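Presented below is the structure to which this report refers.
There are 2 protein chains.
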Amino acid sequence: MARKKSLGDGPVLRGQILECASRLFYERGFGATSIRDIAEGVGISSSTMYHHFTNKRDVLHAIVSRFMTDFVDATLPTLCDQSLSPTERIRRTVRLHIEISDDRRPELLVGNPIRYALDPAQKEQGVKLQTIYHDAVRDTIEEGARTGEFTVENVSITTMAVLDMLNGIREWFSPDGPLTRAEVIDRYVDLIMTILAARPATGRGPAL
Amino acid sequence: MARKKSLGDGPVLRGQILECASRLFYERGFGATSIRDIAEGVGISSSTMYHHFTNKRDVLHAIVSRFMTDFVDATLPTLCDQSLSPTERIRRTVRLHIEISDDRRPELLVGNPIRYALDPAQKEQGVKLQTIYHDAVRDTIEEGARTGEFTVENVSITTMAVLDMLNGIREWFSPDGPLTRAEVIDRYVDLIMTILAARPATGRGPAL
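Going down the list, the sequences are from chains F and D. Residue numbers for the first sequence follow the working numbering, beginning at -2 and rising by one. Residue numbers for the second sequence follow the working numbering, beginning at -2 and rising by one.
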């Protein structure tokens, strides 16, 4: 067996703890997983574990923060890229959203206990990151409506509908199911372009 | 104060227990609510409470079952009404889905702990009811695609997208917010008709 890891392993170890904890929270549920289970899963002592995290809630918070920070870092450059049309920005974001959600499914699904498990300051930080992403998507849709690429009756409602569609996928999509990820991405790009009544750049009529 | 309620109150009391429990699960979370809290909220003794439910998990299961049964009872007659066109069936179902989800929000949101709190048989029953609804929506979309009212590339994916959009609303809609429920319903009927590329019965072109 490998040697027991110790404090000296630093950030790498922290990453391993988050990796293992999200898998356990995902498989067994947050309530049924103990700090000790996580320590055992990583191959460290509970005291090393407590050096990194005060309690289980802090582990959950670290998972959520890391995920949301990475998600925002991965999507914002595209959403804010003024060299691309709003249509192209949304197309690329839909793809990124589905890919990241699928690649990191366990981290995302531990989100379920957040409503009750995190303290208010921790929750606020998560909501802040979600809001940054939400607002960037909304602004892009709004810009597309202004430029005439999109036809949108109510930008707020359409933004929520688009995000809920995308966030729902992780609950039902399985790589072992009848649909490939590439098919799901292609169909969702089409569905979302349809919702936005996106017109091709040539302006030759609806893209339906 | 009102008299303590007792066993004799039967089904009415059972309904009150579920009402109170869903409110407490919603406000405090499933983990932080005890059988005793529920009994106190209803104004009954813990022993009367235990006459109706073996444990807290059974209360949760009863809430979910009752909600899903009512939901299916309320929507299936519309989804299966062959005197209506698929377009009209989907329009009415969208409205019902949003109204019921909003009217009974606490019961719906206790759904969060279901993934871990219920036992396999309880979970299966909930999934079975969800599947009945899902399949009826999918069949209606499929029928509309067959009759030419809808243009749908992939019926399964479109069904999931439509249901995820509708299920997402309860997480963000607030009657105290800037949008009225009627506005949300109208916009979602439009968005979903757009996704289905629904054409008016006259066949005079896209309904956009």
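Heads up, the beta-carbon is just placed ideally off N, CA and C, and yes, glycines get one too. Source: prediction; values computed, not measured.
Close beta carbons around residue 68 of chain D, own chain, < 7 Å, minus the five adjacent residues each side: 97 and 130
Determine the direct distance from the alpha carbon of residue 114 of chain D to that of residue 17 of chain D, and round the result to whole angstroms. 18 Å
Does residue 176 of chain F have its Cβ less than 8 Å from a Cβ in chain D? yes
Rounded C-alpha distance that separates residue 95 of chain F from residue 49 of chain D: 44 Å
DSSP-derived helix/strand/coil call for residue 147 of chain D: coil
Can you list, in chain order, the residues of its chain whose CB lies under 7 Å from that of residue 101 of chain F, leaving out five sequence neighbours each side? 64
In whole angstroms, what is the alpha-carbon distance linking residue 46 of chain D and residue 85 of chain F? 58 Å
DSSP three-state label for residue 43 of chain F, please. helix
Please confirm if residue 190 of chain F has its CB atom under 8 Å from at least one CB of chain D. no
I'd like to know if residue 34 of chain F contacts chain A, where contact means its C-beta is closer than 8 Å to some C-beta of that chain. Protein chains F and D are contained in the structure displayed, whereas chain A is not.
Through-space distance from residue 30 of chain D to residue 137 of chain D, alpha-carbon basis: 40 Å
Count the other CB atoms, across all protein chains shown, that sit within 10 Å of the CB of residue 72 of chain D; report buried if there are 16 or more and exposed otherwise. buried
Taking DSSP as the reference, what is the three-state secondary structure of residue 19 of chain F? helix
Give a yes or no on whether the C-beta atoms belonging to residue 150 of chain D and residue 184 of chain F are separated by under 8 Å. yes
Cross-chain neighbours of residue 154 of chain F in chain D, by beta carbon under 9 Å: 176, 180, 181, 184, 185 and 188
Start-to-end residues for the alpha helix (DSSP H) that takes in residue 187 of chain F: 178 to 192
Kindly list, in the order they appear in chain D, the residues whose Cβ is closer than 8 Å to that of residue 65 of chain F. Within chain D, no residue comes near residue 65 of chain F; the closest Cβ sits about 16 Å away, beyond 8 Å.
Between the segment 154 to 165 of chain D and the segment 143 to 162 of chain F, do three or more beta carbon pairs fall short of 8 Å? yes
Going by DSSP in three states, residue 202 of chain D sits in which element: helix, strand or coil? Low confidence applies to residue 202 of chain D: its pLDDT is 39, below 50, so where it sits in the model is not reliable enough to give any reading.
Which value, in whole angstroms, describes the spacing of the CA atoms of residue 198 of chain D and residue 192 of chain D? Model confidence at residue 198 of chain D stands at a pLDDT of 47, short of 50, so the residue's coordinates are unreliable and nothing is read from them.
Rounded separation between residue 51 of chain D and residue 19 of chain D - CA only: 17 Å
Taking 8 Å as the CB-CB limit, is residue 194 of chain D close to chain F? yes
Looking at chain D, is there any beta carbon in it that lies within less than 8 Å of the beta carbon of residue 93 of chain F? no
Hey, out of F:56, F:167, F:140 and F:174, whose CA is closest to residue 79 of chain F's CA? F:140
Classify residue 158 of chain D: buried if its beta carbon has 16 or more other beta carbons within 10 angstroms, exposed otherwise. buried
Return helix, strand or coil for residue 89 of chain D, following the three-state DSSP convention. helix
Members of the segment 121 to 145 of chain F near chain D, C-beta cut-off 7 Å: none
Among D:179, D:154, D:55 and D:180, which one has its Cα closest to the Cα of residue 122 of chain D? D:55
Spatial distance of residue 59 of chain D from residue 104 of chain D (CA atoms): 10 Å
Is the separation between the beta-carbon of residue 76 of chain D and that of residue 142 of chain D shorter than 8 Å? no
To the nearest angstrom, how far is the alpha carbon of residue 27 of chain D from that of residue 34 of chain D? 11 Å
Using DSSP with H/G/I as helix, E/B as strand and the rest coil, what is residue 123 of chain D? helix
In the segment 6 to 23 of chain D, which residues sit with their C-beta less than 8 Å from some C-beta in chain F, listed in chain order? none
Near residue 166 of chain D, what residues of its chain come up, given a Cβ to Cβ distance below 8 Å and the 5 sequence neighbours on each side ignored? 95, 98, 99, 181 and 185
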